[in-house]
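Protein chains in written order, with our numbering: chain A, 1 to 104; chain B, 105 to 276.
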């Protein structure tokens, strides 16, 4: 085991991103798809902070990007859950296979 | 090998292990709890990087807000104790293949590139530095994005209320 640095954090972040992508591809339930998106957004936050700490420690820009990403993710999750609950009210299901009224 | 290294690897194992649990568990409530632990691990990694403010924000917003909201919506929309239907094996296989190829390409590119840190003086991410720059109007100030984000949050709040509003039955 070696002392962890930038590349270790980039590895964690890339692995977490693609775990989220895998979940987004395989899940058919809207809430679990939303959870995968949260994982993806978090891996991006980790990336911003790691670059800010190890490559440009003289600026705080990565930190601000992380803060704004967190704020936008909160807004996105709230809106998505409102849509999901509304969909459940009208279809009694939150499976994406059942929400195809606009498809044909 | 010192304590900091051990803590890093423990946090990495926590993040990745519970991340895999969050996308593969067939009980949706368990998936939400795995997601909770993954987010806590990321907050721990922010603490490890000594970005305490971001770690606190991560805990307050994600662990205290978004995960609780997800759990509430699970309670509102799922029958208790019911498992999610199993996915088709070919879909799982191709998703895993796509994710693995993407990860391989990304890591190959990242590890080939040599990142060179700047030699300029470090700005510590203290709360006073963050606050001064976030609300600063000078160059590199983030006052305008701050206001835009507050408008966005207001719009999202009103949008959520309008979307989730129960339409009253028309009384004639």
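Every residue, glycine too, gets a C-beta built ideally from N, C-alpha and C.
When only Cα atoms are considered, residue 101/A and residue 90/A end up about 11 Å apart. Shown here, residue 95/A sits in a strand according to DSSP, grouped into three states. By the CB criterion at 8 Å, residue 148/B and residue 115/B fall inside the cutoff. Boundaries of the alpha helix (DSSP H) harbouring residue 193/B: 193–216, taken from the DSSP string. Collapsing the DSSP output to three states places residue 244/B in coil. In this structure, the straight-line span from the alpha carbon of residue 151/B to that of residue 39/A is close to 18 Å.
Contact annotation for residue 21/A against chain B: 203 and 206 [CB-CB distance below 7 Å, chain order]. Considering only beta carbons, the part of the stretch 217–244 of chain B lying closer than 7 Å to chain A consists of 219, 221, 222, 224, 225, 226, 227, 229, 233, 234, 237 and 238, in chain order.
According to DSSP, residue 52/A shares a beta bridge with no other residue. Restricting attention to 99/A, 25/A and 33/A, the CA atom closest to the CA of residue 201/B is found in 25/A. With a threshold of 8 Å between beta carbons, residue 36/A makes contact with chain B. Residue 225/B and residue 56/A have their C-alpha atoms some 10 Å from each other.
Listed along chain B are 219, 220, 221 and 222, each with a C-beta nearer than 9 Å to that of residue 55/A.
Between residue 64/A and residue 238/B, the C-beta gap is smaller than 8 Å, which places the two residues in contact. Residue nearest to residue 268/B within the set 86/A, 104/A, 96/A and 9/A is 86/A (criterion: CA-CA distance). Listed by position along chain A, the residues whose Cβ is nearer than 7 Å to that of residue 210/B are 14. Taking 8 Å as the cut-off, the Cβ atoms of residue 46/A and residue 13/A count as close.
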